[in-house]
Amino acid sequence: MKIFTIPNKSNSPKRSRAAEWGRKCLAALFWLALWQVLYLAVQQEILIVSPVRAFGRLLELAGEAEFWITAFSSMLRIVSGFLLGVVAGTLLAALTSVSRLLYDVFHPMISIVKATPVASFILLALVWIESPYVPVFTAFLMVLPVVWGNVSNGIAKTDRNLLQMAEVYQFGIAKTIRRIYLPSIMPYFTAACTTGMGLAWKAGVAAEVLANTKRSIGGNIYNAKIYIETADLFAWTAVVIVISVLLEKLMMRLMKTVGKKYNLS
Amino acid sequence: MKIFTIPNKSNSPKRSRAAEWGRKCLAALFWLALWQVLYLAVQQEILIVSPVRAFGRLLELAGEAEFWITAFSSMLRIVSGFLLGVVAGTLLAALTSVSRLLYDVFHPMISIVKATPVASFILLALVWIESPYVPVFTAFLMVLPVVWGNVSNGIAKTDRNLLQMAEVYQFGIAKTIRRIYLPSIMPYFTAACTTGMGLAWKAGVAAEVLANTKRSIGGNIYNAKIYIETADLFAWTAVVIVISVLLEKLMMRLMKTVGKKYNLS
Amino acid sequence: MKLTIQDACKSYEGRPVLEQLCLALPGKGTVCLFGPSGCGKTTLFNCIAGLEKLDSGAILGMEGRRVAYMFQEDRLLPWINARENVEVVLRHADEKQAQKWLEAVGLGEDGDKRPSELSGGMRQRVALARALAFGGDVILLDEPFRALDPKTRLRMEALVQEHSREALKLLVTHDREEAQFLADQILYLEGPPLRIVRREFPSDRRNDA
Amino acid sequence: MKLTIQDACKSYEGRPVLEQLCLALPGKGTVCLFGPSGCGKTTLFNCIAGLEKLDSGAILGMEGRRVAYMFQEDRLLPWINARENVEVVLRHADEKQAQKWLEAVGLGEDGDKRPSELSGGMRQRVALARALAFGGDVILLDEPFRALDPKTRLRMEALVQEHSREALKLLVTHDREEAQFLADQILYLEGPPLRIVRREFPSDRRNDA
Amino acid sequence: GSQTEETASQAPESTPASSSEASEEPSSTPAEKITINIAAQKGPTGLGMVKLMQDSEDGSTANTYNVTIASSPDAAVSMISSGEADVAALPTNTAAILYNKTSGNVQLAALNTLGVLYVVTNGEEVNSIEDLRGKTVYSSGQGATPEYAVNYILSENGMEPGTDVTVEYKADHSELAASILSGDAKIAVLPEPFVTQVTTKDPNVKVALNLTDEWDKVAGDKSVLTMGCLAVRKDFVEQNKEAFDAFLEEYKASVDFTNSHVEEAAELSEKYDIMPAAVAAKAIPNCNIVYMDGDEMKQKMPDFLNILYTANPKSVGGELPGEDFYYTK
Ligand SMILES: Nc1ncnc2c1ncn2[C@@H]1O[C@H](COP(=O)(O)OP(=O)(O)OP(=O)(O)O)[C@@H](O)[C@H]1O
Ligand SMILES: Nc1ncnc2c1ncn2[C@@H]1O[C@H](COP(=O)(O)OP(=O)(O)OP(=O)(O)O)[C@@H](O)[C@H]1O
Ligand SMILES: [Mg+2]
Ligand SMILES: [Mg+2]
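Residue numbers (our numbering), protein chains in the order written: chain A, 1 to 265; chain B, 266 to 530; chain C, 531 to 739; chain D, 740 to 948; chain E, 949 to 1277.
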């Protein structure tokens, strides 16, 4: 009788935690094995190091205070840019959804922000923006259109029936936003945030290279490249990935908690 | 009585086309004026040129056959990467939604693709990928996680009631996808495509610089930068933006037509 | 204040649903609408509630009057529970008040369930509780008792009858007995376009008034 | 083939809706279910249709039998029109067949409208047309006539009665007369947890059989 | 006129607001320390400046030097054209471009880096340019000075690039470095600090030729292969000539210090976040850090620029700079 239903992930609270972890570890092992295979295939320490080397180097780095300061200050910059992008993207989406005129005004602007290569405006940007803020700015510009697109879409897809209900029962602006728009936008917003967090890291670290930011992960990756320290390159890349994944997890958990608390889903 | 309803854009077919165009032109004028003001404020031809100069240069360039070949081959590369990313992202989303195991396997992979700075893997990538394909690959990697995230989300949010209906009425896999999943995913997919198209251009052009691709917009932007031909820089950037916006428009229209034809929305 | 519908016209894609409709309704009391499926009852309600704009004509006597509208579908907010769904329409959030209304519709124990965890009839009663809790000077009820068993139905009918006697209650029903029991006035409708084929004033209630 | 429900248990968050329910139903004919709102009728239907899994117990006699299920909500696909909504359940897509079914429920002229352009009662009739068009050996109808005016209702009742006499039709209704008119067997229910308080075999129909 | 005012308002502490104002309060009082904003870069140009930075920090210099390490020529260009910096270390051809683009407001003060291009080999014996005949040479920097330099040297040695020698261009210095280490490329033209990197990583990789020397061999006294220079804003230097001349002296001393006290300079390089000390110590001898100004510069530059100009006019900004491009003390 069962023909085709995509399993609902959230619907299986009884699945044992152990099995969950087991599967996750398996997945990790799978990718590590692939890495090792790749390493053995390439056999060039300059291009690719073995997972063992990379983790060894990572542990070494983790022993230094400097490492933590660097990682933390890069994180601070990129998260700031990310948050700014999320806030601005959401506000802009609200504005452009309310007014057709504002939409017409901002839409080309956002298209430009989306498509313009960083190389094109960095020269101009460097006049106003000081070097440590370039990564912030770049992450911001990366996240903004993603959030804007998703939130706008979420607003457009909000159930008109519920909006009519809110109108009849005189919810007013605040209650309509709180009770209808927010919960409707949540899934779109969440998707934008998870995607945006990754992109913010990608772009933010690249911008740290461009702006030669002191004490930055980007700077370290750049140095690793110039000095052909491949183990360092992989170790610092791993740092980027680990922080980004952890932050994403943290953010999702936070959103879930807030969502539950305020009945947003 | 009307309190707060966000106006439905698609709901006003009677609004005169002239007014629509008028507003769009006004928006364009607004941004051009802002550009001019900025230009007058900076007063440095090296950093920023006037809109008139940029368009003059653009017209000049447009007179050369080389220009069209360059623009076209860049477009081809980036659109290929974009399409690959869309296809792969959609397939991957389908896979990871069907099987929890595949989800656990691919999720970390996608997080890595999202966050890894291009600088980190370009060295490795260049070993296998020939220079002209680097922009394709980069655009692909940019679009993949955006599409994956949105489509996964769309699948997860598909109405369970309708899925139950499909099960009872023995739709089978094909019909369930065609009649329920596809239409449900459409808005998420569309948002991913518009966002992704812009990002593909941003990243693709940057990669053309990195990979030193011949006959590329990226190469021209790079040259304009090292030779400090600011008018060229702005003209080529305008090319990127115009093509990206046109492609986005084209894509949206295509999706609407297809969506209408196959009743997807 | 009387509610007057003057030359109301409304069409969807060229097909008229309301066409030069004129209708005068009293300031208070219960009016039952009785008409075939698709004749335009819901459309009329939407116009009275201000959710749809008339193509031409006017609806007079609605200024400053609060409208409570129980829709034909339940239109509950899926992300909050039954009690909150009632509470959300109260001017001053008040959980006890909401609970009171839930009890009135026989759902005192189901306040913590979300709409997806309620049965069809229960959802409908939450929507009824919400409309009654909002109060209002004009109360529009689109088939409020449709999916209820006879016993519950009687209780709900009584509840609606007792409620806000000073308000104008418009009520769509497909049950002739029910109309006779509840209404001061019954409008027999045909359509589309909507027209009133007969008005009836159930005598016993008229004498009361 | 008989349909047998054996010791069926099903609870939501610890609250039992079906508890040790045993029920034997004939292989064909019309059985009306008659019970208060929230007693567990829809849950029972969902279990029979295989959409919900029993916590324990079994439902026997369903192997290989096609089930048509008209849900309590309409569950129409919002992105296709009424005709396509019927066509989509046919084994071989056939527009004429779909149109025929729409005409049977009195919607011959509304086939091109999308669900959002239909009135409540019309949507419901599309859902009925869909269930009947699918056919099936077991037909579950959850309040198929709820929001219909008396005239339309009579037509629909007749339609259901005429339809697939070889199938087992289970039908939830809140109208005693309707049950008497349609059913070979009436189950009076209470709940939750669901229990059968009385079985009635409307005599005239029994004599027919 | 207006341009001066504009930039001055962005950097008021370094530049008097206008020339009229400047004449009212002459800046040449030796007692008063002037702040000179300098944009250096991570590579060799920065290395030559470390002593200057140290001294300025100690307060033992004639002026106060506010050195910013810019990551890329981009940032330096941005800084000098917006007036944020008065002096900037730039690629030599970029200085020429800026001169053209600013109608002469950027002057060449001194050359500070000669060529840092080397031919390195992995498993091939190369002792002279002639040995390259018939071989495949890998290089990076297509469309930039490395390409023009390689082509010039090859042609002057009677070889046609592309026919007598195959030159394959890689996109990126790191990629080229990786190829030579992996042995995919046997002969490569690499810049510092990549040369130091590859030779340290793999003892089989040898520095075969120094392209600066090869250039000198064919060009004699007429021109010099130069990669980096110090450019100055004309409107700044006109008003602060004395201070700037003092700076050049001190900068010259700083370059000498770097070349003669490699270890100490390397320490300072790490301190000022230019390069790790170990790397700097190895790189300094190969970086061709020099100080060349005045007549020598004026004599050798035009030919060099002309070679670039012949290869691609855009690489010097469309036309060869005039006399006033060269700053004289
Ligand atoms: N949004 C719409 N677009 C097009 N047609 C519509 C729309 N809404 C309603 N209609 C049409 O208007 C007519 C009246 O609809 P309405 O919902 O008012 O009927 P009703 O009297 O409430 O019927 P029911 O008792 O079945 O609910 C119907 O023929 C319907 O198809
Ligand atoms: N998904 C669910 N989660 C929790 N409780 C549920 C869920 N579905 C149904 N219930 C509960 O099960 C009981 C029976 O629900 P059911 O829908 O079967 O009633 P019903 O007999 O169909 O009522 P109605 O005539 O109102 O449709 C109700 O008390 C309801 O609250
Ligand atoms: Mg209706
Ligand atoms: Mg039910």
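Virtual Cβ for every residue (Gly too), placed ideally from N, Cα, C.
Owing to the predicted nature of the structure, the values given are computational and were not obtained by experimental measurement.
- For V1146/E, the enclosing alpha helix (DSSP H) has its first and last residue at 1142-1149.
- In terms of side-chain proximity, the C-beta atom of D679/C is found no nearer than 7 Å to any non-hydrogen atom of ligand 4.
- Burial of E473/B is indicated by the presence of at least 16 other C-beta atoms within 10 angstroms of its C-beta.
- Within chain B, the residues whose beta carbon sits less than 7 Å from that of G149/A are A456, T459, T460, listed in sequence order.
- When the beta-carbon positions are compared, L590/C and L555/C stay at least 8 Å from each other.
- Not one heavy atom of ligand 3 lies closer than 7 Å to the C-beta of T891/D.
- Neighbours of I610/C across chain A, judged by C-beta separation under 7 Å: N263.
- With a contact defined as Cβ atoms closer than 8 Å, R915/D and P674/C miss out at about 20 Å.
- Of all residues in the stretch 42-59 of chain A, the ones placed with a Cβ closer than 8 Å to any Cβ belonging to chain E are Q44, I46, L47, in chain order.
- Going by C-alpha positions, G172/A is about 17 Å away from S97/A.
- Here the alpha carbon of T572/C sits roughly 13 Å from the alpha carbon of S855/D.
- Per DSSP, K1154/E is one residue of the beta strand (DSSP E) stretching across 1153-1158.
- Cβ proximity to chain A below 7 Å picks out S385, L388, L389, V392, P410 from the stretch 385-410 of chain B.
- Inclusion of W31/A and P373/B in the CB contact set at 8 Å is warranted, their separation being smaller than that value.
- With a cut-off of 7 Å, the C-beta of L841/D is classified as distant from ligand 1, since no heavy atom of the ligand falls inside that distance.
- Comparing alpha-carbon positions, the option among L294/B, L326/B, R288/B, S281/B lying closest to A489/B turns out to be L326/B.
- Note that the stretch 533-548 of chain C does not touch the stretch 500-519 of chain B; fewer than 3 beta-carbon pairs, one per stretch, sit closer than 8 Å.
- The beta carbon of D640/C sits no closer than 7 Å to any heavy atom of ligand 4.
- At a C-beta separation below 7 Å, G198/A has these neighbours in chain B: S376, K379, A380, P410.
- Judged by beta-carbon spacing, I394/B lies beyond the 8 Å limit of P117/A, meaning their Cβ atoms are not closer than that value.
- Residues of the same chain with a CB within less than 7 Å of the CB of A231/A, apart from the 5 flanking positions on each side, are V49, R53, A54, R57 in chain order.
- Counting only runs of 4 or more residues that sit fully inside the stretch 549-590 of chain C, the alpha helix (DSSP H) segments are 571-578, in chain order.
- The DSSP assignment places complete alpha helix (DSSP H) segments of no fewer than 4 residues inside the stretch 353-383 of chain B at 365-380, in order along the chain.
- Looking from the CA of A677/C, the closest CA among R728/C, E692/C, V656/C belongs to V656/C.
- Contact between I935/D and L762/D holds: CB atoms are separated by about 7 Å, below the 8 Å threshold.
- For the stretch 161-187 of chain A, the set of residues with a beta-carbon nearer than 8 Å to any beta-carbon of chain C comprises N161, L162, Q164, M165, E167, V168, Y169, Q170, F171, K175, R179, I180, P183, in chain order.
- Taking L1129/E as reference, the option from F1142/E, A1228/E, L1062/E, V1146/E with the minimal CA-CA separation is V1146/E.
- Between Q924/D and V806/D, the gap from beta carbon to beta carbon reaches 8 Å or more.
- Of L1157/E, N1053/E, E1140/E, the smallest CA-CA separation from L1102/E is found for L1157/E.
- Residues of the stretch 1015-1031 of chain E whose Cβ lies closer than 9 Å to any Cβ of chain A, in chain order: T1016, I1017, A1018, S1019, S1020, D1022, A1023, V1025, S1026, M1027, S1029, S1030.
- Taking 9 Å as the upper bound on Cβ-Cβ separation, chain E lies near residues G484, Y487, N488, K490, I491, Y492, I493, E494, T495 of the stretch 483-499 of chain B.
- The beta-carbon separation of F773/D and A918/D, rounded to 6 Å, stays under the 8 Å limit for a contact.
- Counted as a single uninterrupted DSSP element, the beta strand (DSSP E) harbouring V727/C occupies residues 725-730.
- Not flagged as an interface residue toward chain B: L92/A, since no C-beta distance is shorter than 8 Å.
- When the alpha-carbon of D604/C is set against those of G651/C, M686/C, L700/C, the nearest one is in G651/C.
- DSSP places K1134/E in the coil class of the three-state scheme, outside both helix and strand.
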